[in-house]
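Down below is the structure, laid out as structure tokens.
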Amino acid sequence: MNHALLRRGVAAAVAVGLLVTGPAVQAKSKPVTVALPQPTGSREIGTVALHLRDSSRGDPWIKAHDRRELMISLWYPTRRPDGHPAAPWLPPRAAEAFYRNNGLSPAAVSLPMTHGREGAPVAGRELPVVLFSPGNGADRSMNTATVEELASRGYMVVTIDHPGDAGEVEFPDGTVTGRVLKPVPVSRLGEKAEEIKVRVADTRFVLNQLKELNKGQNPDAEGRKLPKGLRGAFDLGRVGMFGHSAGGATAAATMLEDRRVKAVLNLDGPALGKVATKGLAKPYMLMEAEIFDKPIRGQKAFWSRLKGWRLHVKTKGAKHNSYTDLPLVYEQAAPVLGLSKEQLQAVNGTLSAARSVAVTRVYTAAFFDLHLRRKGDLLDRRSSRYPEVQMIAR
-14 MNHALLRRGV AAAVAVGLLV TGPAVQAKSK PVTVALPQPT GSREIGTVAL HLRDSSRGDP
46 WIKAHDRREL MISLWYPTRR PDGHPAAPWL PPRAAEAFYR NNGLSPAAVS LPMTHGREGA
106 PVAGRELPVV LFSPGNGADR SMNTATVEEL ASRGYMVVTI DHPGDAGEVE FPDGTVTGRV
166 LKPVPVSRLG EKAEEIKVRV ADTRFVLNQL KELNKGQNPD AEGRKLPKGL RGAFDLGRVG
226 MFGHSAGGAT AAATMLEDRR VKAVLNLDGP ALGKVATKGL AKPYMLMEAE IFDKPIRGQK
286 AFWSRLKGWR LHVKTKGAKH NSYTDLPLVY EQAAPVLGLS KEQLQAVNGT LSAARSVAVT
346 RVYTAAFFDL HLRRKGDLLD RRSSRYPEVQ MIAR
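If you count by the numbering used here, then the sequence shown holds residues -14 to 379, one letter each, in order.
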């Protein structure tokens, strides 16, 4: 998928990846620190990162790893955050790589801190579980604003990095793996079907490790200390998944392959591989951008193969990355990068960053509230509170 993005103003579109590479953009005035909006739920948030090693398979993308290795983060409600530091949006060495990969400079833009407190104890038992998979070239941090929202509403959210496909993944020993897969244009997205299989295997392995955590085991590869309260904190009978772009494709494919996933929200992604021809029988929602370079082939045929609850919405003024944290970065950094309104809209669309985050948060929460908690009616009809969200098909 194409992403029109930044470098020295607004960069040329690139296929499937996130941001262009190149010389770092320098600040034109005082540097800015990007801030994530406060979650609206009633709960404080805890978080912890885990390093997982899958001994059952090799790593097809990272040759330095003889076994497949993943980084994930848990985000959850907590009652006692004091004494636990705020987690960064990206850990330090991954952040350095992000700056290099995206042509930015820490002298111009400081990446945000999150509202999650590292290692804070978990509050609650049998929390509904939501998995998140990012897009090609993206990291598990890219939808933190929405992830935090879900955690503040009482969900256990699990974000997954797919090393080799992710832009930058930092492991506990400080090593950072970058993206080794080549991007492809929209017209050749079908070539990504084999890569989606690896992502699905990643996700299913993560689900297996959540079962171990729920039993009080510690699957972290280094055996690092875990937050109190993880045992019994997961309701693995109520598991949903969402993803952006290729992460949405991953979510759909995972639900076909794994009965543990009960509902999927796809943020502007395709259906790839077997799921595109077989369809789905469980709840599925597509949130589509209004402004996209080319339509995704096969979506209409896939829609006809959805036999369960389904909903297709389109957000007026949204671009592909409007469903991520990136509009917050661009909009807040625009003054120091010297971006005009027109240049910013070329990246973010016509929605403000605050509005795009609000829409994504509200509709994501509404979807999982409906299908994992059996409550809420926002998705029954078009909302006067969110007129930009258009109901396309059921």
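We treat Cβ as the ideally placed atom computed from N, Cα and C, and that holds for glycine.
Treat the numbers as computed from the prediction; the structure is a model and nothing was measured.
Could you tell me which of the options sits nearest to residue i, measuring between CA atoms?
i, options, result
"Ser95", "Val314, Met226, Gly109, Gln330", "Val314"
"Thr345", "Arg295, Leu35, Pro62, Thr129", "Thr129"
"Val114", "Lys247, Ala256, Asp67", "Lys247"
"Lys167", "Asp205, Gln328, Ala82, Gly149", "Gly149"
"Thr162", "Ser368, Asn306, Glu54", "Glu54"
"Asp187", "Met56, Leu355, Glu111", "Met56"
"Arg340", "Leu355, Arg78, Thr309, Met127", "Thr309"
"Glu373", "Gly334, Val191, Asp354, Pro97", "Gly334"
"Asn366", "Arg359, Val224, Ala351", "The sequence shown places Arg at residue 366, not Asn. If we check each option's Cα against that of Arg366, Ala351 comes out closest."
"Trp294", "Thr144, Tyr84, Phe353", "Phe353"
How many Å lie between residue i and residue j at the Cα?
i, j, result
"Thr262", "Ser325", "44 Å"
"Arg209", "Gly26", "29 Å"
"Arg138", "Arg216", "20 Å"
"Val142", "Lys299", "25 Å"
"Val33", "Ser90", "27 Å"
"Gly31", "Leu75", "16 Å"
"Val183", "Thr235", "9 Å"
"Arg(-7)", "Asn306", "Confidence is the limiting factor: at Arg(-7) the pLDDT is only 32, short of 50, which leaves the residue's position unreliable, though a coordinate-based value still follows. For Arg(-7) and Asn306, the distance between alpha carbons rounds to 19 Å."
"Glu207", "Met127", "25 Å"
"Val185", "Ser58", "17 Å"
"Arg64", "Leu135", "16 Å"
"Arg223", "Gly175", "31 Å"
Are residue i and residue j closer than 8 Å when you measure CB to CB?
i, j, result
"Thr349", "Leu250", "yes"
"Pro119", "Gly228", "yes"
"His36", "Pro157", "yes"
"Ala72", "Gly101", "yes"
"Leu311", "Ala319", "no"
"Leu265", "Met240", "yes"
"Ala178", "Gly258", "yes"
"Asp243", "Arg189", "yes"
"Val192", "Arg245", "Position check: residue 192 holds Leu in this sequence, whereas Val was assumed. In contact: Leu192 and Arg245 (Cβ atoms closer than 8 Å)."
"Ile380", "Ala123", "The question about residue 380 has no answer, for the chain in this structure spans -14 to 379."
"Asn199", "Leu211", "no"
"Pro97", "Val321", "no"
"Leu112", "Tyr140", "yes"
"Asp253", "Met270", "no"
"Arg52", "Asp39", "yes"
"Glu133", "Pro255", "no"
"Lys213", "Pro77", "no"
"Glu275", "Lys301", "yes"
DSSP has residue i in a bridge; who is on the other side?
i, result
"Leu35", "Ile57"
"Val224", "Val114, Val246"
"Leu313", "Answer is none; Leu313 lacks a bridge partner."
Answer with buried or exposed for residue i, where buried requires no fewer than 16 other C-beta atoms within 10 angstroms of its C-beta.
i, result
"Thr18", "exposed"
"Asp362", "exposed"
"Val154", "buried"
"Lys304", "buried"
"Val1", "Below a pLDDT of 50, predicted positions are generally treated as unreliable, and Val1, at 31, falls in that range; no measurement from the model is reported."
"Gly159", "exposed"
"Pro66", "buried"
"Pro268", "buried"
Between residue i and chain B, is the shortest Cβ-Cβ distance under 8 Å, so that the two count as touching?
i, result
"Pro16", "Included in the structure is just one protein chain, with no chain B present."
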